[in-house]
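Protein chains in written order, with the working numbering: chain A, 1 to 384; chain B, 385 to 773; chain C, 774 to 1014.
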Amino acid sequence: MKYLHFLRVNLFRKKIRTGLTIGSFAIAMLLFGLLVIVRLAFNQGVEVAGADRLIVMNRITFIEPLPISYMDRIAAMPGVKAVTHATWFGGTYQDPKNFFPQFAVDPESWHLMYPEYLVGDDQWKAFLGDRQAAIAGAGIAKQYGWKIGDRIPIEGTIFPGNWEFNLVGIYTGATPKDDVTQFWFHYDYLNETLKQAGGRSWVDHPGWYVVKLDNPDDAANIVKKIDQTFANSDYETKTDTEQAFAENFAKQVGNIAFILEAVGAVVFFTLLLVTGNTMATSVRERTAEWAILKALGFSDRFLLFFVLAESISIALIGGLLGIGLAKLSTAWGSPAPSVLPLFYLPADQMLVGVGVALAVGVVAGLLPALSASRLKVVDALRRV
Amino acid sequence: MPIPIIYNVRSVRARWTSSIVAVLGIAGTVGVLLAMLAMADGFRHTLVASGSPSNALIMRAGSNTEMVGAVMLDQVQIIQSAPGAARGPDGPLVSPEVVVIAPMPLKDTGTDANGQVRGVSAKALEVRPFVHIVAGRYFTPGLDEVIVGKNAEASYAGLDLGSTVHISGVNWKVVGIFDAGGSSFDSEIWCDATLLDQAYNRPSSAFQSVTVRLPSPDDFPKFKDALTSDPRLTVSVDREQDYYAKQSEALTRFITIMGSFVAIVMGIGAVFGALNTMYSAVSERSREVATLRALGFSGSSVVLSFVFEALFIAFVGGVVGCLFVIPLNKYTVGTLNWQTFSHVSFSFQLTPTLFIVGICFSLFMGLIGGVPPAIRAARLPIAAALREM
Amino acid sequence: MVRVDGTSSGESLIQIRGLEKNYSRAGEEIHVLQGLNLDVGKGEFVAFMGPSGSGKTTLLNLLGGLDTPSRGSITVAGDEITHMSAGKLTQWRARHVGFIFQMYNLLPVLTAFQNVELPLLLTKLSKSERKQHVDIALEIVGLANRSNHYPRQLSGGQEQRVAIARAIVADPTFLLCDEPTGDLDRKAADEILDLLTRLCKEHGKTILMVSHDPLAADRAGAVLHLNKGALVEAQGVGGPA
């Protein structure tokens, strides 16, 4: 447009000031992006929870197991497409601080239950063929520098002792949202070792079951059916959709998310002030110029939109810069995989960020724009 | 000769909107930094306070949290007869305990959190003298009764004095509320260990940990040696404080790192805001500065004057930031401790040290935001500025 | 032809009848202009003089549509502007008036060329058409070789010449000058006055000028004095200079 040049020279008439304001914007939007990333990481389970999956755990507490006999009984129920089980191992690698989710799983049914975890066919075959085999997620493999063929020693805490596994595969997630910090091995390996050691309560008792439904709409019914079937037994069940289960966890860290949001609000309020003040000062300095423009015949509305355009330009440049930096920071994966298993910023959140930046630009520029548009030429040019 | 301070104060007042913006920018940054540090401190304090320097926590060798370990009754008896434990009226102050997790509905969201339930013996209060019953009474061993920590009562629904809570198929009556001095025990529910074992289908000879009170902290090394060298025992012995310090490590570190990072990022933004304010101060007052210089004030006195002004604004910002966070003090937050997998409440901990840190940080930002514009002010060509209308 | 007695001659380009402008200041009513009449024909060069506060600038502002009178009428080229809406007045001003102020004329962020181009941005001319007009205007004021310079790179007199180029570039009906030489030294002031005279004589521009400078008044075809809110003839009124 023919006024673009005029806009540009006005914006950069005071380079340092405009630069600093754009910089403030970029910083605020960077923070916004990072807060979104952390929030998504905390809510990770909720995002990827399968709509057609249920979690069945011990009613008393999920740190207690369930009988293996439940597997066939659940599989036989109408509306159930598939069942698998998993057991939390809870060990550490080399240092008690190095901890990541380890599951003893039933390989075939586990693989079918979670199609979003991708493993090479030959790696999977190797897994099936070796009872001491393990598959690790790309995230922890990278963090600990593991390669296929490594022997991984895990110090058991719930099941004490030194356990060793052969790493035969590395899995990746179908989307950036999927958790790639898990470590899977054979349930049989755990079970047989426990039997030989003479342990009591965990033999033939996996930690929990995962149920895949024929039809996600059936969820409520099947939840009820499963819990009813095992009511009044020694091992009563509590069944939930995977989503409800994940949300529960997310809610427990809930307050921290609230605090993050409060921080975000503080940042925005400050940003609004800084930008608004810059725009106001900049408009005030040019009173005589606005008067000239009006005298020449530029309308009030023109001035209003022009000043808003300046404000929005600053917001847009700063916003794109900040969101871009936030996105860039995800290029190297999570800096703390055990706390933030995911570290990504999806496109829709980036758009939200840019939208927020624009909104702040409009609000911050509104009052100065109005004052410029309402300026009376005669007052502005009045000789002292 | 230094430029009179009153000049700066009057100038700040005259350009009060810009000054307020800079003040608020710095206040916001300091506020956020202090809030984060207070949160991290509070969390660590809660867990560290949970340990008494005279107590030893014994778990099965190789366990890193109480819940995953198992100490059998025969081992408990060996520990009870070991020399070194302090003695109370009923014998050695040794408390074998059962630790489990039960789903407890949170008051504010209605969903379940992992509440920690501890089965204790009658000696639990003697072993932990900082725990006091503040309402009701201690539970009667052998009966389905529980006492709840004050934070547990505040966080979970249905734990008021006199109400009944359902845990693991058994109905327990809440007969007392205890105050554990701001430690993680405040988030726990205590009951009879044997009954808890039964409720969880465990043999009544299985415990998760044993807490032993020693006569003094210096007795710990000998006590530890005695137990670890005993061939009948496979246990790990830690000072109770060390155990809890380790429990809080990951989360504390995370909050501190995240909080510091946020504060640094915000600090950069605040410095930008301060720079902007000071640069426009300089340009709006270029004629005044030229006049001062023409009157004989030196370049360095101009620099000092502007730097002082920036520091003044920053100091006010720092104070305002501190005032912002004061209402947060003692504000209770609940979260999931990843290491123990249980829900724990803690409160923001504001200390004088934190305030000093906040003020120093604000002055630092003021310095960075004040020096470059001040140097520019000193370098303004006098004649040109005076001619400028 | 310039008349101040309010007797209509019918063909005047600018016609003012019974113009009054009042201000309230600190509770007092100040009558700046009282029953002022004026007729100015096409191609005239009129100077308004008078002591400070006599209302010269107020008259200029009213003529330029920057202000509205308390009473009376102003007609320019057949358009009665006193009751136009603000929006229409703005458009009218762009089309009919060329302003030259004493100071702050040019926008510092634009080159001479871009400053002169400004009024044309309000028209529908294409970029190349605009360039044509700007080049001509700069040619007339003798600054074609400085078109890419910024105001800070020009002397006071040169700045004012660029302002004049801007004032004529859209071919307005008349030029309004408020103390155009007020800020300049003698030599530069003379250059400006030469230019204005040329614009009037060679290009037939109608010019209304407010000035303190008696030498400026000499150049005008008619000099009018503002006294007690009304115009009084000095010389050259009623016939050509």
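Think of the CB as a built atom: it goes at the ideal place given N, C-alpha and C, for glycine as much as any other residue. Keep in mind that this is a model prediction, so the values were computed, not measured.
With H, G and I counted as helix, E and B as strand and the rest as coil, what does DSSP make of glycine 754 of chain B? Glycine 754 of chain B falls in the helix class under three-state DSSP.
I need the DSSP call for aspartate 178 of chain A, collapsed to helix, strand or coil. Reduced to three states, the DSSP call for aspartate 178 of chain A is coil.
DSSP three-state assignment for leucine 997 of chain C, whether helix, strand or coil: The answer is strand: DSSP assigns leucine 997 of chain C an E or B state.
Cβ of alanine 867 of chain C within 7 Å of any chain A Cβ: The beta-carbon of alanine 867 of chain C is placed less than 7 Å from the nearest beta-carbon of chain A.
My output table needs one value for proline 987 of chain C: the three-state DSSP class, helix, strand or coil. Proline 987 of chain C: helix per DSSP, three-state reduction.
Between tyrosine 715 of chain B and the rest of its own chain, which residues show a CB-CB distance below 8 Å, the 5 nearest in sequence each way excluded? In chain order, Ser731 and Phe732 place their CB closer than 8 Å to the CB of tyrosine 715 of chain B, counting only its own chain and leaving out the 5 sequence neighbours on each side.
Under 7 Å between C-beta atoms of methionine 29 of chain A and glycine 319 of chain A: Yes, the pair counts as a contact, with Cβ atoms nearer than the cut-off.
Give me the DSSP bridge partner(s) of tyrosine 117 of chain A. DSSP lists A:Gly173 as partners of tyrosine 117 of chain A.
State yes or no: is the beta carbon of glutamate 289 of chain A nearer than 7 Å to at least one beta carbon in chain C? It does: the Cβ of glutamate 289 of chain A has a partner Cβ on chain C nearer than 7 Å.
With DSSP run on the structure shown, which of helix, strand or coil describes glycine 1012 of chain C? Low local confidence applies: a pLDDT of 43 at glycine 1012 of chain C is under 50, so the model's placement there is unreliable, and no value is given.
For aspartate 951 of chain C, is the classification buried or exposed, using 16 other Cβ atoms within 10 angstroms of its Cβ as the cut-off for buried? Under the 10 Å beta carbon count, aspartate 951 of chain C is surrounded by 16 or more other beta carbons and is classified as buried.
Mind checking if arginine 17 of chain A is an interface residue toward chain C, Cβ cutoff 7 Å exclusive? Output row for arginine 17 of chain A: interface = no.
Cβ neighbour criterion (16 or more within 10 Å) applied to isoleucine 648 of chain B: By the neighbour-count rule (16 or more Cβ atoms within 10 Å), isoleucine 648 of chain B is not buried but exposed.
Taking 7 Å as the threshold (beta carbon to beta carbon), is alanine 629 of chain B in contact with chain A? Not an interface residue.
Which of the three DSSP states is assigned to isoleucine 68 of chain A in this structure? Coil at isoleucine 68 of chain A, not helix or strand.
Determine the extent of the beta strand (DSSP E) in which glycine 808 of chain C is found, giving its start and end residues. Element bounds for glycine 808 of chain C: 801-813.
Listing by chain order, which chain A residues have their CB less than 8 Å from the CB of lysine 892 of chain C? One point to set straight first is that residue 892 of chain C is proline, not lysine, in the sequence displayed. The answer, in chain order, is Leu296 and Gly297.
Does the beta carbon of phenylalanine 874 of chain C fall short of 6 Å from some heavy atom of the ligand GDP? Summarising the ligand content, the structure contains no ligands, and the ligand GDP is consequently not present.
Considering only the alpha carbon of each residue, which of B:Arg397, B:Leu408 and B:Ser403 lies closest to phenylalanine 269 of chain A? Considering only alpha carbons, the answer is B:Leu408.
For the stretch 218-245 of chain A, which residues have a CB atom closer than 9 Å to at least one CB atom of chain B, in sequence order? Flagged, chain order: Asp234, Tyr235, Glu236, Lys238 and Ala244.
Counting only C-beta atoms, is glycine 533 of chain B closer than 7 Å to chain A at any point? Judged by the 7 Å Cβ criterion, glycine 533 of chain B is not in contact with chain A.
Would you call glycine 750 of chain B buried or exposed, if buried means 16 or more other Cβ atoms sit within 10 Å of its Cβ? Using a 10 angstroms sphere on the CB of glycine 750 of chain B, the tally of other CB atoms reaches 16 or more, which defines it as buried.
Output needed in chain order: residues of the stretch 954-986 of chain C with a Cβ under 7 Å from some Cβ in chain A. Answer set for the stretch 954-986 of chain C: empty.
Check aspartate 54 of chain A in the structure and name its three-state DSSP category. For the record, residue 54 of chain A in the displayed sequence is leucine; it is not aspartate. In the structure shown, leucine 54 of chain A sits in a strand (DSSP, three-state: E or B).
Histidine 922 of chain C, DSSP secondary structure in three states: Coil at histidine 922 of chain C, not helix or strand.
Three-state class that DSSP yields for phenylalanine 708 of chain B in the structure shown: Phenylalanine 708 of chain B falls in the helix class under three-state DSSP.
Roughly how many angstroms lie between the CA atoms of phenylalanine 932 of chain C and alanine 315 of chain A, to the nearest whole one? In the sequence as presented, phenylalanine is not what sits at residue 932 of chain C; that position holds glutamate. The C-alpha of glutamate 932 of chain C lies about 35 Å from the C-alpha of alanine 315 of chain A.
Using 8 Å for Cβ pairs, my map puts valine 619 of chain B next to isoleucine 442 of chain B. What's the rounded Cβ distance? Contact between valine 619 of chain B and isoleucine 442 of chain B holds, with the beta-carbon distance rounding to 5 Å and staying under 8 Å.
For the beta strand (DSSP E) containing asparagine 878 of chain C, list its first residue and its last residue. Where asparagine 878 of chain C is concerned, there is no enclosing beta strand (DSSP E), given that its DSSP letter is neither H nor E.
With distances taken Cα to Cα, identify the nearest neighbour of tyrosine 628 of chain B among B:Asp544, B:Thr449 and B:Ala698. Looking at the Cα atoms, B:Thr449 is the closest of the given residues.
Residue-chain proximity (leucine 366 of chain A, chain B), Cβ-Cβ < 7 Å: Judged by the 7 Å Cβ criterion, leucine 366 of chain A is not in contact with chain B.
Using CA coordinates, which residue listed in A:Tyr344, A:Val283 and A:Ala291 is at the minimum distance from leucine 308 of chain A? Checking every option, the nearest Cα to that of leucine 308 of chain A belongs to A:Val283.
To the nearest angstrom, how far is it from the Cα of glutamate 310 of chain A to the Cα of arginine 13 of chain A? Answer to the nearest angstrom: the Cα atoms are 12 Å apart.
In the DSSP output, what is aspartate 603 of chain B paired with across the bridge? Answer is none; aspartate 603 of chain B lacks a bridge partner.
Pick from B:Phe569, B:Glu624, B:Met488 and B:Leu580: whose alpha carbon is nearest that of serine 436 of chain B? Of B:Phe569, B:Glu624, B:Met488 and B:Leu580, the residue nearest in Cα terms is B:Glu624.
Compare the C-beta of lysine 14 of chain A with all C-beta atoms of chain C and state if any pair is closer than 7 Å. Not a single CB atom of chain C sits nearer than 7 Å to the CB of lysine 14 of chain A.
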